[in-house]
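Numbered according to my numbering, the sequence shown spans residues 5 to 173.
Cβ coordinates follow ideal geometry from the N, Cα and C atoms, glycine included.
These numbers were taken from a predicted model, which means no experiment stands behind them.
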Amino acid sequence: MEMGSGSGGFSSLLVENGITVHLNDIENKYREVLRRKFSGVSLVRSMHKIDFHHNEFEKIYSNLFETIDTVLSLNIVDHNPIDSQAIINAKRLLRKNGNFIILTPIYTALYDEIDQDLEDLAKYNWSSITKLLGKDLTIIETNYINIDPTMATTILSHKGLSVIVVASK
């Protein structure tokens, strides 16, 4: 399941590569775009309107708890922020041994007089990532990337230095 499918740029890549996906967006306009774009596409299993910030998430979405193999949060947008509450709720949807894949900006920057490289930044950023994901997810892999500004306008809404984290429940 993709947490914020938006206009379907990343979802299209999944479908093109034969990967089944459940789409999700809280914005009606994006769900309509997704319906038109993926109408009749069998790899798109369902369309959801899950609000990962809803105050009564446990009550409203309990029927979906522990039903999803992988939750993706790759589209960083201001109107659909990924934060600790959204992650807590997303984890509730994951089956045992399910995967959570998130793209997030680098949160930690070092401003001291010692020369820093990407390894140093990764080491200090690790604590931010583990705090964001919580203790019940095990980080399997992290990759630091610099998102090309041209891709930021087509597939991803964020540009600049980011980290992709793959974690398991």
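Do residue i and residue j have their CB atoms nearer than 8 Å?
{"i": "G138", "j": "I92", "result": "yes"}
{"i": "H57", "j": "A94", "result": "no"}
{"i": "S166", "j": "P109", "result": "yes"}
{"i": "D73", "j": "R96", "result": "no"}
Out of curiosity, what's the CA-to-CA distance linking residue i and residue j?
{"i": "L27", "j": "L76", "result": "10 Å"}
{"i": "V19", "j": "I105", "result": "17 Å"}
{"i": "K173", "j": "L141", "result": "5 Å"}
{"i": "I133", "j": "I143", "result": "9 Å"}
{"i": "L107", "j": "D29", "result": "17 Å"}
{"i": "M51", "j": "W130", "result": "33 Å"}
{"i": "K53", "j": "E6", "result": "11 Å"}
Starting from residue i, trace the alpha helix (DSSP H) in both directions and tell me its first and last residue.
{"i": "I64", "result": "F61 to I64"}
{"i": "K95", "result": "S88 to L97"}
What residue range does the beta strand (DSSP E) around residue i cover?
{"i": "K173", "result": "Careful: K173 lies outside any beta strand (DSSP E) and carries neither H nor E."}
Mind the definition here: the region 31–46 touches the region 62–73 only if three or more C-beta pairs lie below 8 Å; say whether that holds. Segments in contact, no.
For the region 11–76, which segments carrying the beta strand (DSSP E) assignment without a break, of at least 3 residues, lie completely within its bounds, in sequence order? 25–28 and 48–52
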